[in-house]
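Colleague: The numbering used here runs 4 ahead of the 1-based position in the sequence shown. Ideal Cβ placement from N, Cα and C applies to all residues, glycine included.
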Amino acid sequence: MTDHEYHQLVDAVMLSLEEQIEACEVDLDYESASGILEIIFPNKTKIIINKQTPLHQMWVATKFNGHHFELRDGVWIDNRSGAEFWQFMSDATSRQAEQNVTWVAQS
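(1) Please say whether I53 and M18 have beta carbons closer to each other than 8 Å?
(2) Find the nearest neighbour of A65 within the set E23, I40, V105, T106, judged by alpha-carbon distance.
(3) Assign Q61 to one of three DSSP states: helix, strand, or coil.
(4) Who are the Cβ neighbours of G86 in its own chain at under 8 Å, not counting the five residues just before and after it?
(5) Could you compute how far the alpha carbon of A101 sits from the alpha carbon of F45?
(6) Output the distance between the C-alpha atoms of L32 and S20, rounded to the nearest integer angstrom.
(7) Could you have a look at S36 and say whether DSSP puts it in helix, strand or coil?
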């Protein structure tokens with residue numbers, strides 16, 4: 005994958021998350037700048053997603069731990085746990101928000 009392709013893919017993920025935050029029934033907010041997306045919860049905690057261009061990864065930091073996702077066969081997978089990105093984000097966001105949040109992969 006080229007750096008250009010990587011940026012297109014990660015930018016699409018982050019845009020999808022931003023759009024879903026806007027439509028989310030849970031009171032989430034976000035800030036986005038320079039390849040970093042911060043999802044802000046009512047309890048003032050955050051999930052931070054940032055680009056790791058040299059590694060072609062997305063890094064996700066939650067209140068509980070950090071994860072490194074890389075593209076495998078068209079799916080973002082955590083290189084430690086094997087978790088798929090969108091399911092991981094649903095689980096992590098629900099846990100941190102203490103309410104059910106479901107993210108849907110962009111098509």
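Modeller: With the structure as the only source:
(1) yes
(2) I40
(3) strand
(4) none
(5) 6 Å
(6) 14 Å
(7) strand
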